[in-house]
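Per this note's numbering, the very first residue in the sequence shown carries number 382; after that it's consecutive.
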Amino acid sequence: SSRTRSVTALAPVGAPIQFVRVESADAAKQNQGETEVREAAGAATPMEAVTIYFKALVQLEPYERLDDVIDWAAIKAEMGAENDGVAAMSTKAIADLLKSEFKKRPLALTQAQLDELLAELTPEVQGETATVAMPGKDDAFTLKRRAGGGWVIDHFPH
């Protein structure tokens, strides 16, 4: 018998991430310390990048591996376009905040559920960009190929 399923939501368990608006860019810089984040080298394929992402979110990979497969500057730019507080933060501060929130609220998936989810993802490469779609979601991960050939996530599905 065949089952039809769709992913309705993937998010860390618990409250969503909330950003506090800062009074000025100078105030934001004072509290950020280090502001640079190293450029992600990327993964060999788009699916490998998304697999590392999910494995980190369910604590099967160290959270630091997210730095290898996420273009934090692109994520910050997308989030900053919708939130002035995010726009005022450094890329490193955004990366550290998101990794901290992921760590506090890991995805509640077993290894078997994760394996099933990964098997249902649909990657599609178009030159130097790619999408990885989840069943039942209109939005998909988007990825780009770095100059060195590695694939990095530059958009998370909502």
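In this text, a Cβ means the ideal position worked out from N, Cα and C, and glycines have one as well.
Quantities reported herein were computed from a predicted structural model and do not represent experimental measurements.
Straight through space, the alpha carbons of Ala430 and Arg419 are spaced by roughly 17 angstroms.
Three or more beta-carbon pairs separated by less than 8 angstroms are not found between the segment 495-515 and the segment 450-458, which leaves the two stretches without contact. When DSSP states are grouped into helix, strand and coil, Arg527 belongs to the coil group. Residue range 465-469 is occupied by the alpha helix (DSSP H) that includes Asp465.
Burial is judged here by how many other beta carbons sit within 10 angstroms of a residue's own beta carbon; Gly531 has at least 16 and is buried.
Contact annotation: the segment 524-538 touches the segment 421-437, with at least three C-beta pairs closer than 8 angstroms. The bridge partners DSSP lists for Trp453 come to none.
With contact defined as three or more Cβ pairs closer than 8 angstroms, the segment 474-486 and the segment 440-454 are in contact. In this chain, Asp535 is not harboured by any alpha helix (DSSP H); it is covered by the beta strand (DSSP E) spanning 532-536.
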